[in-house]
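Each residue of the sequence shown is one higher than the one before, starting from 193 at the first, in our numbering.
In this text, a Cβ means the ideal position worked out from N, Cα and C, and glycines have one as well.
Structure, as structure tokens:
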Amino acid sequence: MTQPNSRETAARSSGSRVIPVEVFDLVIFGGTGDLALRKILPALYRRFIAGQIPAGTRLIGAARTDHDATEYRTLVAQALTEHAPDAGTETTRAAFLAMLDYVMVDALGDTGWAELAARMTPGRVQAFYFSVAPSLFGALAMRLHQHGMADAGARIVVEKPFGRDQQTAEALNRDLAQHFREGQIYRIDHYLGKETVQNLMAIRFGNMLFEPLWNAQYVDHIQITVAETVGVAGRGDYYDRSGAMRDMVQNHLMQLLCLIAMEPPARFEPNAVRDEKLKVIRALDPVAPGDIVRGQYLADGEAPGYGDDVGNPASLTESFVALKVLVSNWRWAGTPFYLRTGKRLRARTSEIAVVFKETPHSIFGAEAGQHRNILTIRLQPNEGIDLGVTIKAPGPGGMRLVDVPLDMTFSEALGPAAGAAADAYERLIMDVIRGNQTLFMRGDEVVAAWAWTDPMIASWEGVAPLPYDAGSAGPDEALALMHRDGRRWREIRL
Ligand code: NAP
């Protein structure tokens with residue numbers, strides 16, 4: 193890992209300290225695609241403006257379309273106008289575009305490989321971002337190796353989805369492992385790059401306050417909600433072959449669950465963290481069919497329902513799923529984790545709520561009501577954390593209790609530095625260059641997550657999901673999943 197050194201200029205951006213990375217070469221396979229133009233290149237541009245990417249760095253787009261470097265720069269310039277409209281100045285933009293190059297490469301043929309190899313600069317960090325369909329990952333790894341670009345220092349970045357079940361994920365791991373060591377493979381789950389997700393670890397392991405209570409003795413249950421208002425139009429083809437379980441639960445919600453449930457690693461170091469996450473996945477009980485609710489959104493006025501959105505009215509794919517998950521280990525036995533995620537819900541909101549148990553006895557009598565602390569970690573919108581505490585209702589009306597939030601909205605507490613919190617891709621790409629895998633999934637983690645989800649997916653083969661209204665909180669049966677345990681979901685609202 194690169195340590196701060198004399199090159200450290202401690203550039204200041206939005207009040208936060210930025211340590212430049214070493215000069216590097218990054219090849220973006222699929223450099224003309226949606227992800228590259230919408231996320232990866234704007235993220236690199238923002239890091240460049242922040243002073244983190246040194247001059248001399250080379251960003252090389254690679255795809256089959258015939259572009260020269262000038263045409264590619266024009267394409268990227270348009271993308272920056274659209275996806276990073278307020279970032280930088282004309283000067284920073286020109287300097288960034290000057291770093292760009294393009295090579296016409298076919299992952300499945302010989303075109304361009306020798307030329308690409310010739311453009312790489314020996315002796316620097318070399319990273320290869322696979323922003324292409326997963327079916328091309330194996331071919332890219334093989335060609336990189338064949339053309340001498342898979343030496344020990346090279347890194348590859350692979351996007352989701354990483355397989356569609358355990359078998360395909362294992363096959364993909366094997367394909368990559370033929371040419372790259374695990375320490376060179378960066379499997380992206382962009383949820384891990386979110387500021388609040390990392391703050392989850394800071395809060396748990398940087399404070400004395402929470403960790404002693406972070407177990408089944410004090411925590412009643414945990415809720416993880418990732419709700420979206422958009423439907424699947426535009427990516428219906430892909431989504432209909434995946435569904436909410438594959439698209440969201442196996443990766444993003446699973447990662448959040450792991451970070452909440454894991455034991456403290458000995459150090460904040462890649463394998464120490466990933467070992468602990470893997471233990472959580474392996475401790476998950478199989479989920480009983482009665483603890484799963486699947487849904488599909490209905491049409492809403494002009495807006496089509498799920499079946500029409502994906503062009504498959506008979507589709508049995510879920511756009512919503514809610515689960516009750518049990519973690520069979522010493523810390524969590526008896527404390528359920530309720531997970532839900534869906535499309536076309538009431539609001540776009542992602543949060544984790546740690547709901548503590550009620551006090552064992554109320555000294556204030558029954559009329560004071562029952563109260564409990566809830567620690568809420570908001571991923572979006574308004575990234576932040578609040579802790580619900582019980583206090584006396586103000587005024588002379590006797591000892592009445594009321595729950596109030598101790599709110600720590602990062603943008604308010606930390607000022608503009610937090611408001612301008614780096615996009616997950618910015619942080620993750622810089623971590624690749626620094627050689628830090630802590631926020632990337634290891635091959636065995638991904639496989640274990642599929643091993644847990646596969647039987648559920650197999651169990652609902654041929655079963656239609658329940659319909660739910662667009663703009664709702666999902667099917668009523670999802671509410672019942674908690675009601676029957678004497679609990680309730682937090683409201684989905686902005
Ligand atoms: P996309 O818009 O279809 O872009 C695919 C890219 O791959 C294009 O640049 C295409 O350019 C290139 N390509 C296709 N076949 C190739 C070949 N044989 N050799 C070299 N390049 C080839 O896809 P995307 O949405 O950017 O997604 C890329 C990856 O990211 C996928 O794995 C996807 O699952 C993942 N992902 C995307 C998003 C997103 O928001 N878009 C989010 C999460 C994950 P040419 O046609 O010119 O070759």
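Backbone CA spacing between residue i and residue j [nearest angstrom]
{"i": "residue 444", "j": "residue 381", "result": "7 Å"}
{"i": "residue 392", "j": "residue 263", "result": "43 Å"}
{"i": "residue 421", "j": "residue 538", "result": "6 Å"}
{"i": "residue 389", "j": "residue 416", "result": "12 Å"}
{"i": "residue 234", "j": "residue 406", "result": "38 Å"}
{"i": "residue 409", "j": "residue 248", "result": "55 Å"}
{"i": "residue 632", "j": "residue 378", "result": "6 Å"}
{"i": "residue 525", "j": "residue 678", "result": "18 Å"}
{"i": "residue 244", "j": "residue 554", "result": "54 Å"}
{"i": "residue 330", "j": "residue 364", "result": "7 Å"}
{"i": "residue 596", "j": "residue 666", "result": "28 Å"}
{"i": "residue 540", "j": "residue 638", "result": "26 Å"}
{"i": "residue 215", "j": "residue 317", "result": "7 Å"}
{"i": "residue 328", "j": "residue 433", "result": "18 Å"}
{"i": "residue 493", "j": "residue 499", "result": "15 Å"}
{"i": "residue 574", "j": "residue 284", "result": "29 Å"}
{"i": "residue 438", "j": "residue 645", "result": "8 Å"}
{"i": "residue 651", "j": "residue 399", "result": "42 Å"}
{"i": "residue 401", "j": "residue 635", "result": "34 Å"}
{"i": "residue 286", "j": "residue 578", "result": "42 Å"}
{"i": "residue 307", "j": "residue 348", "result": "19 Å"}
{"i": "residue 448", "j": "residue 491", "result": "31 Å"}
{"i": "residue 338", "j": "residue 374", "result": "19 Å"}
{"i": "residue 361", "j": "residue 354", "result": "6 Å"}
{"i": "residue 315", "j": "residue 620", "result": "22 Å"}
{"i": "residue 487", "j": "residue 531", "result": "14 Å"}
{"i": "residue 334", "j": "residue 627", "result": "22 Å"}
{"i": "residue 309", "j": "residue 572", "result": "41 Å"}
Which residues DSSP lists as bridging residue i, in chain order
{"i": "residue 386", "result": "Beta-bridge pairing links residue 386 to no other residue."}
{"i": "residue 413", "result": "547"}
{"i": "residue 569", "result": "544, 577"}
{"i": "residue 598", "result": "579"}
{"i": "residue 533", "result": "418, 513"}
{"i": "residue 252", "result": "219, 293"}
{"i": "residue 487", "result": "512, 658"}
{"i": "residue 318", "result": "217"}
{"i": "residue 378", "result": "349"}
{"i": "residue 327", "result": "For residue 327, which the question treats as bridged, DSSP gives no partner whatsoever."}
{"i": "residue 664", "result": "537"}
{"i": "residue 584", "result": "593"}
{"i": "residue 437", "result": "None; residue 437 has no bridge partner."}
From the options, residue whose alpha carbon lies closest to that of residue i
{"i": "residue 495", "options": "536, 397, 291", "result": "536"}
{"i": "residue 305", "options": "456, 546, 336", "result": "336"}
{"i": "residue 570", "options": "600, 428, 413", "result": "600"}
{"i": "residue 501", "options": "674, 359, 427, 640", "result": "427"}
{"i": "residue 508", "options": "440, 653, 493", "result": "653"}
{"i": "residue 618", "options": "520, 486, 385", "result": "385"}
{"i": "residue 298", "options": "313, 279, 325", "result": "325"}
{"i": "residue 485", "options": "673, 231, 275, 226", "result": "673"}
{"i": "residue 567", "options": "557, 561, 585, 547", "result": "547"}
{"i": "residue 523", "options": "455, 435, 530, 322", "result": "455"}
{"i": "residue 345", "options": "218, 528, 549, 478", "result": "218"}
{"i": "residue 641", "options": "471, 589, 383", "result": "471"}
{"i": "residue 322", "options": "343, 350, 314", "result": "350"}
{"i": "residue 685", "options": "383, 418, 368, 358", "result": "418"}
{"i": "residue 649", "options": "362, 272, 412, 436", "result": "436"}
{"i": "residue 367", "options": "488, 356, 590, 332", "result": "332"}
{"i": "residue 277", "options": "303, 238, 259, 376", "result": "238"}
{"i": "residue 358", "options": "643, 387, 342", "result": "643"}
{"i": "residue 312", "options": "411, 343, 442, 497", "result": "343"}
{"i": "residue 442", "options": "356, 452, 466, 516", "result": "356"}
{"i": "residue 376", "options": "680, 623, 266, 274", "result": "623"}
{"i": "residue 647", "options": "479, 527, 464, 403", "result": "479"}
Residues near residue i in its chain [Cβ-Cβ closer than 8 Å; skip 5 each side]
{"i": "residue 268", "result": "229, 233, 253, 289, 292"}
{"i": "residue 202", "result": "The pLDDT assigned to residue 202 is 36, lower than 50, so where the model puts this residue is not dependable, and the model offers no usable value."}
{"i": "residue 593", "result": "556, 560, 561, 563, 582, 583, 584, 585"}
{"i": "residue 680", "result": "671, 674"}
Chain-order list of residues whose beta-carbon lies under 7 Å from that of residue i (same chain, five-residue window excluded)
{"i": "residue 676", "result": "none"}
{"i": "residue 474", "result": "640"}
Closer than 7 Å: residue i CB and nearest the ligand FAD heavy atom
{"i": "residue 224", "result": "Questions concerning the ligand FAD fall outside what the structure shown contains, since the ligands it does hold are the ligand NAP."}
Nonlocal neighbours in the same chain, by C-beta distance under 6 Å from residue i, ignoring five residues either side
{"i": "residue 462", "result": "629, 630"}
{"i": "residue 224", "result": "255, 257"}
{"i": "residue 615", "result": "235"}
{"i": "residue 431", "result": "424"}
{"i": "residue 550", "result": "562, 564"}
{"i": "residue 696", "result": "Since the first residue shown for the chain is 193 and the last is 686, residue 696 is missing from the structure and cannot be characterised."}
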